[in-house]
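Chemist: So that you can map any letter, position 186 of the sequence shown is 188 in the working numbering, and since no number is skipped, the others follow by simple counting.
C-beta: ideal position from N, C-alpha, C; glycine also.
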Amino acid sequence: MQLEKYHTEMAKENLKKEEERLESIETTLDSAELFIEKNRKTIVIVIAALVIVVLAVFGYKKFIQEPREEKAQAAVFRAEAMFEKDDFATALNGNGNDVVGFLDIISDYSGTKTANLAKYYAGICFLNTGDFNNAIKYLGEFKGKDKMVKPLAIGAMGDANLELGNVAEAAKCYENAANASKNSFTAPMMLVKAAYTYEMAGNYAKAVEMYKAIKADYPNSTEARDIDKYITAAETKLGK
Numbered sequence: 003m004q005l006e007k008y009h010t011e012m013a014k015e016n017l018k019k020e021e022e023r024l025e026s027i028e029t030t031l032d033s034a035e036l037f038i039e040k041n042r043k044t045i046v047i048v049i050a051a052l053v054i055v056v057l058a059v060f061g062y063k064k065f066i067q068e069p070r071e072e073k074a075q076a077a078v079f080r081a082e083a084m085f086e087k088d089d090f091a092t093a094l095n096g097n098g099n100d101v102v103g104f105l106d107i108i109s110d111y112s113g114t115k116t117a118n119l120a121k122y123y124a125g126i127c128f129l130n131t132g133d134f135n136n137a138i139k140y141l142g143e144f145k146g147k148d149k150m151v152k153p154l155a156i157g158a159m160g161d162a163n164l165e166l167g168n169v170a171e172a173a174k175c176y177e178n179a180a181n182a183s184k185n186s187f188t189a190p191m192m193l194v195k196a197a198y199t200y201e202m203a204g205n206y207a208k209a210v211e212m213y214k215a216i217k218a219d220y221p222n223s224t225e226a227r228d229i230d231k232y233i234t235a236a237e238t239k240l241g242k
């Protein structure tokens, strides 16, 4: 009897808790319904605004951005062909006929991926034609994520700075290029350029750091050959 009474009381208690839970849910729903009723106009306006924003973004991308990107890609390939032939002046400025230069691509199709890549090409063209300030300008404006192109762009800024006599700045560029993508091709190449340039700047401590980074992180690279010799030479200059 005691056990039956216990179960009965527990059942009543559970039923009471369930009723309280349902009442709480009902109260919450009533509150939500009241809120919606009071703010119906505002809610409708907000939802409509969100729909308009989504449609506007979709429309811009579909009907404006994508066609501009396609036109930019169609226009740039002849400039790229000139670049491959080392005809940097034509690649940069076009020929007024069938070649649209990188500078016009940048101007006419700003905001596209193609125009962004054209900034990299333009920077390299300026570097090869001796306009080092413009090389730094366009390479600095290039926004790249590619593991190869990004460090090469930063490294080219180092080359331009070195040509201008900005040795310390060039060394920083090379170091930044090495850190931008730690792949086995560009990273050791940029580290050794950084080391040489730091030595030119008289910063032998940083040069040793760069050489040791090559030895530790890229021991199988071409740059790592005879690396101990360069470390010893730089440490000697440092006074170690």
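1) Can you give the Cα-Cα distance for residue 109 and residue 117, rounded to whole angstroms?
2) Quick check on DSSP: helix, strand or coil for residue 221?
3) Nearest to residue 238 by CA position, among 87, 206, 175, is which residue?
4) Less than 7 Å separating the Cβ of residue 229 from some heavy atom of the ligand MN?
5) Run through DSSP, which three-state label would residue 162 get?
6) What's the gap between the Cα of residue 121 and the Cα of residue 113?
7) Have a look at residue 64 and residue 222 and give me their C-alpha separation to the nearest angstrom.
8) Pop quiz: residue 186 and residue 213 are said to be a contact at Cβ under 8 Å. What is the actual Cβ separation, rounded to whole angstroms?
9) Report the CB separation of residue 1 from residue 146 in whole angstroms; it is logged as a contact under 8 Å.
10) Which first and last residues belong to the alpha helix (DSSP H) in which residue 136 is found?
11) In terms of alpha-carbon separation, which member of 168, 106, 150, 148 lies closest to residue 135?
12) Note down, in chain order, each residue of its chain lying with its Cβ closer than 7 Å to the Cβ of residue 75, except the 5 sequence neighbours on either side.
13) Closest to residue 203 by C-alpha separation, out of 162, 97, 73, 171, would be which residue?
14) From this set, 141, 148, 208, which residue's C-alpha is nearest residue 188's C-alpha?
15) Tell me whether residue 150 sits in a helix, a strand or coil according to DSSP, three-state version.
16) Compute the distance between the beta-carbons of residue 216 and residue 179, then report whether it is under 8 Å.
17) Taking a contact to mean a Cβ-Cβ separation below 8 Å, would you say residue 193 touches residue 158 in this structure?
18) Could you please give the first and the last residue of the uninterrupted alpha helix (DSSP H) stretch that includes residue 174?
19) Can you find the residues in the same chain that come closer than 7 Å, C-beta to C-beta, to residue 200, ignoring five residues on each side of it along the sequence?
20) Quick check on DSSP: helix, strand or coil for residue 112?
Modeler: In terms of the structure at hand:
1) What you label residue 109 is simply residue 107 of the sequence shown in a count that begins at 1. What you label residue 117 is simply residue 115 of the sequence shown in a count that begins at 1. Spanning the two alpha carbons is a distance of roughly 8 Å.
2) Here residue 221 refers to the residue found at position 219 when the sequence shown is read from its first residue. In this structure, residue 221 counts as coil in the three-state DSSP scheme.
3) For this step, residue 238 is matched to residue 236 along the sequence shown. Checking every option, the nearest Cα to that of residue 238 belongs to 206.
4) Annotation note on the ligand MN: not contained in the displayed structure, which lists no ligands.
5) Locating residue 162 in the sequence shown gives position 160, counting from the first residue. DSSP places residue 162 in helix when its eight states are reduced to three.
6) Counting from one through the sequence shown, the residue named residue 121 turns up at place 119. Counting from one through the sequence shown, the residue named residue 113 turns up at place 111. Roughly 11 Å between the two C-alpha positions.
7) Residue mapping note: residue 64 aligns to position 62 of the sequence shown, counting from 1. Residue mapping note: residue 222 aligns to position 220 of the sequence shown, counting from 1. Because the pLDDT of residue 64 is 45, which lies under 50, any placement of that residue in the model is unreliable, and the number read from its coordinates should be weighed accordingly. Computed Cα separation, rounded: 47 Å.
8) On the sequence shown, position 184 is the one that residue 186 refers to. On the sequence shown, position 211 is the one that residue 213 refers to. About 17 Å; that fails the 8 Å criterion.
9) Here the chain comprises residues numbered 3 to 242, so residue 1 is not present and cannot be evaluated.
10) Position 134 of the sequence shown, counting from 1, holds the residue named residue 136. It spans 134-143 - the alpha helix (DSSP H) in which residue 136 sits, taken as one unbroken run.
11) Locating residue 135 in the sequence shown gives position 133, counting from the first residue. Nearest C-alpha to residue 135: 168.
12) The residue you call residue 75 lines up with position 73 of the sequence shown. In chain order, 116 place their CB closer than 7 Å to the CB of residue 75, counting only its own chain and leaving out the 5 sequence neighbours on each side.
13) Here residue 203 refers to the residue found at position 201 when the sequence shown is read from its first residue. For the residues 162, 97, 73, 171, the minimum Cα distance to residue 203 belongs to 171.
14) Your numbering for residue 188 matches position 186 in the sequence shown. Of 141, 148, 208, the residue nearest in Cα terms is 148.
15) Reading the sequence shown from its first residue, position 148 is the one you call residue 150. In the three-state DSSP reduction, residue 150 falls in the coil class, being neither helix nor strand.
16) Locating residue 216 in the sequence shown gives position 214, counting from the first residue. Locating residue 179 in the sequence shown gives position 177, counting from the first residue. Result no, Cβ atoms of residue 216 and residue 179 do not sit closer than 8 Å.
17) As a first step, residue 193 is located in the sequence shown; it is residue number 191 there, counting from the start. As a first step, residue 158 is located in the sequence shown; it is residue number 156 there, counting from the start. No, Cβ-Cβ distance for residue 193 and residue 158 is not below 8 Å.
18) As a first step, residue 174 is located in the sequence shown; it is residue number 172 there, counting from the start. Element bounds for residue 174: 169-182.
19) The residue given as residue 200 occupies position 198 in the sequence shown. Cβ within range, chain order: 173, 208, 209, 212.
20) Counting from one through the sequence shown, the residue named residue 112 turns up at place 110. Correct three-state label for residue 112: coil.
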